[in-house]
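Undergrad: Before I ask anything, let me first share the structure, which is written out below as structure tokens.
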Amino acid sequence: MTDTKPIRLSANENCYGCSPLALDAIQKKYKDVHLYPDVFPNSLKGKLAEKFGVSADNIVVGAGSVKIIDELIRTYVGLEDEILTFEKSFIAYSQLAGFYKLKCILAPLNDYRCLPGNLLPLITDKTKLIFIANPNNPTGTIINHAELEAFLKSISNKIIVVIDEAYGEYITDFSFPKSLELQKQYPNLVVLRSFSKIYGLAGLRIGYGIMEEKIASVLNANQVPYSLSYLSSDAAIAALIDKLFVCNSARANAEQRDYLYSELTNLGFKTIPTQANFIYVWFDNDVEKQRIYDLLLKNGIVICDLKVFGQEKSVRITIGDKETNQRIVSTLSK
Ligand SMILES: Cc1ncc(COP(=O)(O)O)c(C=O)c1O
Numbered sequence: 005m006t007d008t009k010p011i012r013l014s015a016n017e018n019c020y021g022c023s024p025l026a027l028d029a030i031q032k033k034y035k036d037v038h039l040y041p042d043v044f045p046n047s048l049k050g051k052l053a054e055k056f057g058v059s060a061d062n063i064v065v066g067a068g069s070v071k072i073i074d075e076l077i078r079t080y081v082g083l084e085d086e087i088l089t090f091e092k093s094f095i096a097y098s099q100l101a102g103f104y105k106l107k108c109i110l111a112p113l114n115d116y117r118c119l120p121g122n123l124l125p126l127i128t129d130k131t132k133l134i135f136i137a138n139p140n141n142p143t144g145t146i147i148n149h150a151e152l153e154a155f156l157k158s159i160s161n162k163i164i165v166v167i168d169e170a171y172g173e174y175i176t177d178f179s180f181p182k183s184l185e186l187q188k189q190y191p192n193l194v195v196l197r198s199f200s201k202i203y204g205l206a207g208l209r210i211g212y213g214i215m216e217e218k219i220a221s222v223l224n225a226n227q228v229p230y231s232l233s234y235l236s237s238d239a240a241i242a243a244l245i246d247k248l249f250v251c252n253s254a255r256a257n258a259e260q261r262d263y264l265y266s267e268l269t270n271l272g273f274k275t276i277p278t279q280a281n282f283i284y285v286w287f288d289n290d291v292e293k294q295r296i297y298d299l300l301l302k303n304g305i306v307i308c309d310l311k312v313f314g315q316e317k318s319v320r321i322t323i324g325d326k327e328t329n330q331r332i333v334s335t336l337s338k
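Heads up: the sequence shown begins at 5 in the numbering used here, then just goes up one per residue.
Below, the structure is given as structure tokens:
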């Protein structure tokens, strides 16, 4: 083990930190944390509305996008109803369903992709909420605009479809859905985004959703007052202003993603091209996986063993900076 703190590549955080403007905003306010925040984060909502060219009435802000996922489930799914999503996808959907003793049906992936067509045979009268992570966590794959549009066209508009774009700013594939355009055409589509990933504010817990006014007003009416911390809202507003930070993070990630993918492939690892800030690697068996996990750990790098999410034979590695990725490659080359 190296003597420095291990590098954490297990939670898809931004390895470049956060915007200095967000840090300034926090510094300006941190001595006032004895004060309550605004009852509801209306100023942040206003800025998001401006950015996306929608009304503030279309926006819901929550303590992490996972909080909005929770609110959607609590609001729209009854005990007799069903939630539909994919296996090998973001674990919170089925975990939250489990907390509330709700049925969550998992569709299979195709080539590690969440193909919406695979959901179709599983839709019943009881299906109330569908979650599609795009890019998918942990596989990093995407569905494209045509695939999402065809799916929305083919299902009842009474089913709410949540497209979870927590990693949306990392995308370089132009076929990625223009989900806000689709949202205007299909009011049952809810688009979720997060400040935890490219904005580097995971510790402050801020996520948001863009959706039809009616759905937003129901969710907003159910929100707990003061749920966003005193520092979160200002930090998020500052982070939105710093487009350069986002742009640089996306560019560096794309470069490093190409590097890591090609090196891992050359080394014979089983992996798949990713559009996110992480890469999925699978093994023939758990023993082989554990050996690689331990080797990286010994060299100061913590990756995510997907065993915790019920996937025994695979890991997810957050794309690090150049130096870290070189360390991964040189460790694994040995
Ligand atoms: C697909 C996906 N959605 C949502 C989240 C949660 O984001 P937040 O930190 O905004 O709750 C994650 C976090 O890993 C994620 O992978």
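Cβ coordinates follow ideal geometry from the N, Cα and C atoms, glycine included.
Computed from a prediction, not measured in an experiment: that's the story for all the values here.
For Asn289, does the count of other Cβ atoms within 10 angstroms reach 16, so buried, or fall short, so exposed?
TA: Position 285 of the sequence shown, counted from the first residue, corresponds to residue 289. Per the 10 Å Cβ criterion, exposed.
Undergrad: Which residues share a DSSP beta bridge with Glu259?
TA: For the purposes of this step, residue 259 is identified with residue 255 of the sequence shown, where counting begins at 1. None, per the DSSP bridge assignment.
Undergrad: Locate the alpha helix (DSSP H) running through Phe155, then write down its first and last residues.
TA: Within the sequence shown, residue 155 is the residue found at index 151, counting from 1. Taken as a continuous stretch (DSSP letters only), the alpha helix (DSSP H) holding Phe155 covers His149 to Ser158.
Undergrad: Look at the alpha carbon of Ile296 and the alpha carbon of Gln279, and state the distance between them as a whole number of angstroms.
TA: Counting from 1 along the sequence shown, the entry for residue 296 is found at position 292. Counting from 1 along the sequence shown, the entry for residue 279 is found at position 275. Rounded to whole angstroms, Ile296 to Gln279 spans 23 Å at the Cα level.
Undergrad: Out of Val250, Ile159, Ser237 and Lys218, state which residue places its alpha-carbon closest to the alpha-carbon of Ala67.
TA: Here residue 67 is taken as the residue at index 63 of the sequence shown, counted from 1. With distances taken between Cα atoms, Ala67 lies closest to Ser237.
Undergrad: Pair every Cβ in the region 46-63 with every Cβ in the region 107-119, then say whether three or more of these pairs are closer than 8 Å.
TA: These segments do not touch.
Undergrad: Please work out which residues of its chain come closer than 7 Å, Cβ to Cβ, to Met5, disregarding the five sequence neighbours upstream and downstream, and give them in chain order.
TA: Position 1 of the sequence shown, counted from the start, is the residue given in the question as residue 5. Because Met5 sits at a pLDDT of 46, beneath the cut-off of 50, its placement in the model cannot be relied upon, and the following sentence gives the value as read from the coordinates. Only Lys302 and Gly304 meet the Cβ criterion.
Undergrad: Specify the secondary structure class of Glu86 as computed by DSSP and reduced to three states.
TA: Looking up residue 86 in the sequence shown gives position 82. Glu86 falls in the strand class under three-state DSSP.
Undergrad: Heavy atom of ligand 1 less than 7 Å from the Cβ of Asn141, yes or no?
TA: Translated into the one-based positions of the sequence shown, residue 141 becomes position 137. Yes, since a heavy atom of ligand 1 falls inside the 7 Å radius drawn around the Cβ of Asn141.
Undergrad: Among the residues of its own chain, which have a CB less than 7 Å from the CB of Val222, if the five just before and after it don't count?
TA: The residue given as residue 222 occupies position 218 in the sequence shown. Correct list, in chain order: Thr79.
Undergrad: In whole angstroms, what separates the C-alpha of Arg261 from that of Ile245?
TA: On the sequence shown, position 257 is the one that residue 261 refers to. On the sequence shown, position 241 is the one that residue 245 refers to. Straight-line Cα distance between these residues: approximately 26 Å.
Undergrad: If we count Cβ pairs, one from each stretch, closer than 8 Å, do we get three or more for the region 228-235 versus the region 99-106?
TA: The answer is no - the region 99-106 does not touch the region 228-235, with fewer than three Cβ pairs under 8 Å.
Undergrad: With H, G and I counted as helix, E and B as strand and the rest as coil, what does DSSP make of Val64?
TA: In the sequence shown, the residue the question calls residue 64 occupies position 60. If DSSP states are grouped into helix, strand and coil, Val64 belongs with the strands.
Undergrad: Does the beta carbon of Gly68 fall short of 7 Å from some heavy atom of ligand 1?
TA: Stepping through the sequence shown from its first residue, residue 68 is reached at position 64. Because some heavy atom of ligand 1 lies under 7 Å away, the Cβ of Gly68 counts as near it: yes.
Undergrad: Ligand 2 heavy atoms versus the CB of Asp168: any closer than 7 Å?
TA: Inclusion of ligand 2 in the displayed structure is not the case, the ligand content consisting of ligand 1 alone.
Undergrad: Would you check if the distance between the CB atom of Asn281 and the CB atom of Tyr116 is smaller than 8 Å?
TA: Taking the sequence shown and counting its residues from 1, the one referred to as residue 281 is at position 277. Taking the sequence shown and counting its residues from 1, the one referred to as residue 116 is at position 112. Against a cut-off of 8 Å, the Cβ pair of Tyr116 and Asn281 comes out as no contact.
Undergrad: What residues match up with Tyr212 in a beta bridge as DSSP calls it?
TA: Looking up residue 212 in the sequence shown gives position 208. Paired residues: Val65 and Arg197.
Undergrad: Excluding the 5 residues flanking Phe249 on each side, which residues of the same chain have their C-beta closer than 7 Å to its C-beta?
TA: Translated into the one-based positions of the sequence shown, residue 249 becomes position 245. Counting only Cβ-Cβ distances below 7 Å, and skipping sequence neighbours, we find Ser23.
Undergrad: Quick check on Glu259: buried or exposed, where buried means 16 or more other Cβ atoms within 10 Å of its Cβ?
TA: Numbered from 1 along the sequence shown, position 255 holds the residue referred to as residue 259. By the neighbour-count rule (16 or more Cβ atoms within 10 Å), Glu259 is not buried but exposed.
Undergrad: Is Gly144 close to ligand 1? I mean its beta-carbon at under 7 Å from any heavy atom of the ligand.
TA: Within the sequence shown, residue 144 is the residue found at index 140, counting from 1. For ligand 1, not one heavy atom lies less than 7 Å from the Cβ of Gly144.
Undergrad: Distance, Cα to Cα, Ile134 vs Ile163?
TA: As a first step, residue 134 must be located in the sequence shown, where it is residue number 130. As a first step, residue 163 must be located in the sequence shown, where it is residue number 159. About 7 Å.
Undergrad: Pick helix, strand or coil for Arg331, following the three-state DSSP scheme.
TA: Here residue 331 refers to the residue found at position 327 when the sequence shown is read from its first residue. Looking at Arg331 - three-state DSSP - the assignment turns out to be helix.
Undergrad: By alpha-carbon positions, which one of Val70, Lys71 and Lys105 ends up nearest to Ile87?
TA: Within the sequence shown, the letter at position 83 stands for residue 87. For the residues Val70, Lys71 and Lys105, the minimum Cα distance to Ile87 belongs to Lys105.
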